[in-house]
Amino acid sequence: MTLVKTKIGRRAFIRNTGLASGGLVIGFNWLASCKMTPEQVNNLPKEWFELNGFLKVGDNGLVTIMSPNPEIGQNVKTSMPMIVAEELDVAWKDVIVEQAPLNTDIFTRQLAGGSQSIRQGWESLRMAGATARHMLKEAAAQAWGVPANEITTKDGMLTHEASGNSAGYGEMASAATNIEVPEEVELKDNGSFSIIGTDKRNVDGKDIVTGKPLFGLDVYKEGMLTAMIVHPPAFGMKYKGMNADTVKTMPGIKDVFHFVVYPEGMEKQWSDGGGIPELVAIVGNSTWECMQAKKALQVEWEQDSMAESTSYHEKALAELLEKPTEAPARQDGDVESAFKSAAKIVESTYSAPYLAHNTMEPMNFFAHVTPEKAELLGPIQTPEFAEKTLAARLGMPLEKIDIMMTRMGGGFGRRLYGPFVIEAAVISQKMNAPIKLVYTREDDMTQGTYRPSYKVKYKAGLDESGNLIAWHVRGAGTNDDLIFENRFPAGAVDNYLAEKHSLTTNVTTGAWRAPRSNFIAGAEQAFMDEVAEAAGKDPLEFRLELFDRAINNPVGDPENNDYDPERYAGVLKLVKEKSNWGTDTGKARGVAAYYCHNSYVAQVLELEDGGDMPRVDKITCAVDCGIVINPIAAKNQIEGGMIDGIGHSTYSALSFENGRPEQSNFDTYRLIRHSESPKNIEVHFVDNGIDPTGLGEPSLPPVIGALSNALYQATGRRFYKQPFINDKPPLVG
Amino acid sequence: MASFTLNINGKQQEVDVDPSTPMLWVLRDHLNLVGTKYGCGIAQCGACTIHLDGTATRACMLTVSSVGNSEITTIEGLSEEGDHPVQKAWLEVDVPQCGYCQAGQIMTASALLEKNPNPTDEEIEMAMNGNICRCGTYTRIKKAVKLAAKS
Ligand code: FES
Ligand code: FES
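What follows is the structure, encoded as structure tokens:
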């Protein structure tokens, strides 16, 4: 047992927070947010006793656990309550999971992003469960007149062996509400878990496979109107005027108007990124009628800033790569003189295009704004920030704004940015009616907050015996400077120089699953292979040699290195063993490893024979994310991340012509499909009992390197430019 | 506006809509059957897949006026209790991530198994290729289809 102070999130442990009645705080009940099995429904308690903001215990022993964080497919709605249930010591079958509304009084960091939900929630979730268990034990101790520390718990039962007393949690729940919230609580030892580390299937699974209304787009309410927006057709343009008269009389159309989303000078949050200040709204009775009006409406736009094209971005980024930066991001030793003395030099440039997020569920939000209050419901990864902008835009205090999250049809970073929440609220206010704002796929793809386009140039120097003596990286991105200067191989090379540039553009960019890592990992790991080849060494052993260096004799202060070389080497060794690296399988193979979002991932990827773009036959993946909360779901995240990485690096791109996105739907923007997906995936976890870290992102970045390294083995050429499908060999005449 | 009588999930349903309205929006906006999803509107993603006389069909490009007497099945009507073998296999394999594409995947898979109870890997991939899963659950989908085929 570990004793911990309950100070973190202590407010969460104050009772009677208004959540006791289960989601009623915001005035309407989103039933789908409450997950019950039929047995649970038939067996609901007569009374619930709230022991803290995270959970309440029913008089019959059923327990409702609030899932605080937004669910975007990363499965936190199952895994976070599992942690609470573990420390509460209740049987999982007796747990009902409910999506918590935004409530900053109770929960900290109600955000989905950076693969941080589990890592940052770990302690408070455990404390929530442990605190409640403590209070139940105290209640039983008082009832039975025995010392609390002699009472044991298991699967929702309290037992005092010596006296022969036992009771279910439900019987003690009422009395437990009168117990003082403890100053400190005991947590279970890692390793004595009975729920954590076991496969628990998605709590929303049944509702998903039966098509229940779970998503924002599925919200339909009495008197609700549908709203759509029309946004500028190109970045660098703004609203000029329109004649909406004929469109306003189209069937089912209620109104068409120009509106200001962000008045000049209004205080915005980072989550408003990508927001367009002025838009046109179309409001009508149904989606199809709005879509028809949208097609018919002619809006005039005018040029506001430069009309940027992909050719311009590429040229400007290439020019930056030729320029040293004013001050290096990191410098160890002296690369220039090391390159002069090097026996061999390797040099390569890698690049990747803009990407759209393309969540399967397009952006949408329900809003009902009246002079008294604002009710909002829908898919958003950053409700806390949206609430602040809403308060500023609507001129309402925070208490009058309620935001409830639905399950989200994908996030990938897109729903960190919520201008659509503000747009929905402004439209509702103007219409004085409940509305659901719906983006068409085209709106969603052409008004994105995109993954920036990137270019990076590497130069490495080897000595006579093939040791890496110098490494120079210079990277550039659109509105993003790309380089993590303290990541590997920093700390493993005597002479190291990292430089980073950012190209300011008016195409809005933002976080896209594993920001920056989603490109730089693939480039770095592909380049590492080129260097290993030049050194005449096995690519996996070459990496391990570098980690040995970083472990035994790190360059610079090891505190500055943003990775743990032992855990890094650990995943490589595990993948080496599990993939039988070094044995000839007769197939083209590539290896890569990367560390980001606090987790370590290594992969060996194997291709099928044949073709310009051979299919992935098998990936063996090793992961170190500390304790694995829910193995079946953890593997799902890892598999999905790798398929995502392979898909986007092979097939996807968003390009611009005079500021206009050239792809607007899945007929022109290619996403990976079933027959292109890896045939087999094996995932292995390092078992080390370290506190858990996230899994939503870390498997994506390295797989792009593993893929390009395998492609080199298969085709004899290096792939420098994403998407790889277009990186064709030059025609030799 | 025109009135249509449709046969959906074994029930006669009346709707009064513009004849050009795609079934996707008739189901979602007018009949409160929201399991059928909107993903692209141009028959590219499969999120809106329904059965039209047993054949997997994209509801986003199927106008209400073209349906006539055909029988439509949506995810809500695939089984009474959510216990169609494909649905059960989906739960057992724990296929969904975000879950948004899965109704469409399940409708395509169930139509495939109806016609071809023992598909090969290649046949599964070909049948499922019109259904995008942005979360990348493809390997699990194939596993679940094979599991459902066994039962
Ligand atoms: S919405 Fe019909 S195929 Fe995409
Ligand atoms: S599960 Fe998210 S799109 Fe398929």
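So the sequence lines, in the order shown, correspond to chains A and B.
The first sequence runs 1133 to 1865 under this note's numbering.
The second sequence runs 363 to 513 under this note's numbering.
Every residue gets a Cβ at the ideal spot worked out from N, C-alpha and C, and that includes glycine.
Q: Specify whether the region 1486-1498 of chain A and the region 1652-1660 of chain A touch according to this definition: at least 3 beta carbon pairs, one from each stretch, less than 8 Å apart.
A: The region 1486-1498 of chain A is not in contact with the region 1652-1660 of chain A.
Q: Report the rounded CA-to-CA distance for I1215(A) versus G1329(A), giving the unit in angstroms.
A: 10 Å
Q: Starting from E1493(A), find everything on chain C with Cβ-Cβ shorter than 7 Å and list it in chain order.
A: This model lacks chain C altogether, as its protein chains are A and B.
**Q.** Residues sharing a beta bridge with K1589(A), DSSP
**A.** T1481(A) and R1606(A)
Q | Contact list for T383(B) against chain A, beta-carbon separation under 7 Å | A | W1420
Q) When the cut-off is 8 Å and only beta carbons count, does T501(B) lie next to chain A? A) yes
Q | Residues near E487(B) in its chain [Cβ-Cβ closer than 8 Å; skip 5 each side] | A | K504
Q: Give, in chain order, every unbroken run of the beta strand (DSSP E) that is at least 3 residues long and sits entirely within the region 1619-1706 of chain A.
A: 1627-1635
**Q.** Any non-hydrogen atom of ligand 1 closer than 7 Å to G1343(A) Cβ
**A.** no
Q: Grab the span of the alpha helix (DSSP H) containing I1775(A) for me, first residue to last.
A: P1763 to Y1783
Q: Consider the C-beta atom of Q464(B) and the heavy atoms of ligand 2; say whether any pair is separated by less than 7 Å.
A: yes
Q: Would you verify that the beta carbon of N394(B) is, or is not, closer than 8 Å to some beta carbon of chain A?
A: yes
Q: Look at D1694(A) and F1616(A) and say whether their C-beta atoms are less than 8 Å apart.
A: yes
Q. What is the DSSP secondary structure of V1209(A), counted as helix, strand or coil?
A. Checking the sequence shown, residue 1209(A) turns out to be Lys, not Val. It is helical.
Q. Taking K373(B) as the reference, which of Q464(B), R496(B) and L395(B) has the closest Cα?
A. Taking only the C-alpha atoms, the option nearest K373(B) is L395(B).
Q.
Using the Cβ count rule (16 or more neighbours within 10 Å means buried), how would you classify G1159(A)?
A. Note that G1159(A) scores a pLDDT of 24, beneath 50, so its modelled location is shaky and nothing firm can be said.
Q. How about V1317(A) and T1263(A): do their beta carbons lie closer than 8 Å?
A. T1263(A) sits close to V1317(A), with the two beta carbons spaced by under 8 Å.
(Q) If the criterion is Cβ atoms closer than 8 Å, does the pair V1478(A) and V1663(A) meet it? (A) yes
Q) Terminal residues of the continuous beta strand (DSSP E) containing Q1463(A)? A) R1462 to D1464
Q | Distance CB(L1487(A))-CB(Y1571(A)) smaller than 8 Å | A | no
Q) According to DSSP, is M1304(A) helix, strand or coil? A) helix
Q: Go ahead and label G1355(A) buried or exposed: buried means 16 or more other beta carbons lie within 10 angstroms of its beta carbon, across all protein chains shown.
A: exposed
(Q) ligand 1 and Q406(B): does the residue's C-beta get closer than 7 Å to at least one heavy atom of that ligand? (A) yes
Q) Can you name the residues of chain B whose CB is closer than 9 Å to the CB of A1765(A)? A) D456 and Q459
Q: Using three-state DSSP, classify N369(B) as helix, strand or coil.
A: strand
Q. What residues match up with N1297(A) in a beta bridge as DSSP calls it?
A. H1292(A)
Q.
Within 8 Å of any Cβ in chain B, is that where the Cβ of D1809(A) sits?
A. Checking the displayed sequence, the identity of residue 1809(A) turns out to be Ser instead of Asp. So, interface residue.
Q. Quick one: does P1364(A) have its CB under 8 Å from some CB of chain B?
A. Closer than 8 Å: no.
Q: Could you please tell me which residues of the region 481-492 of chain B, in chain order, have their CB closer than 9 Å to any CB of chain A?
A: Within the region 481-492 of chain B, those residues whose Cβ lies closer than 9 Å to any Cβ of chain A are, in chain order, D483, E484, I486, E487, M488, A489, M490, N491 and G492.
Q) Where does M385(B) sit, in a helix, a strand or coil, going by DSSP? A) helix
Q.
Would C460(B) and G1205(A) be called neighbours here (beta carbons separated by less than 8 Å)?
A. yes
(Q) Runs of 4 residues minimum, wholly inside the region 1307-1334 of chain A: which ones carry the alpha helix (DSSP H) assignment? (A) none
Q: Could you tell me which residues DSSP puts in a beta bridge with M1198(A)?
A: E1230(A)
Q: Leaving aside the five residues before and after D1859(A) along the sequence, list all residues of the same chain whose C-beta is less than 6 Å from its C-beta, in chain order.
A: These residues qualify, in order along the chain: F1851 and K1853.
**Q.** R1099(A) CB to nearest heavy atom of ligand 1 below 7 Å
**A.** A query on residue 1099(A) cannot be resolved here, the shown segment of chain A reaching from 1133 to 1865 and no further.
Q.
Can you tell me where the alpha helix (DSSP H) holding S1443(A) begins and where it ends?
A. T1442 to L1453
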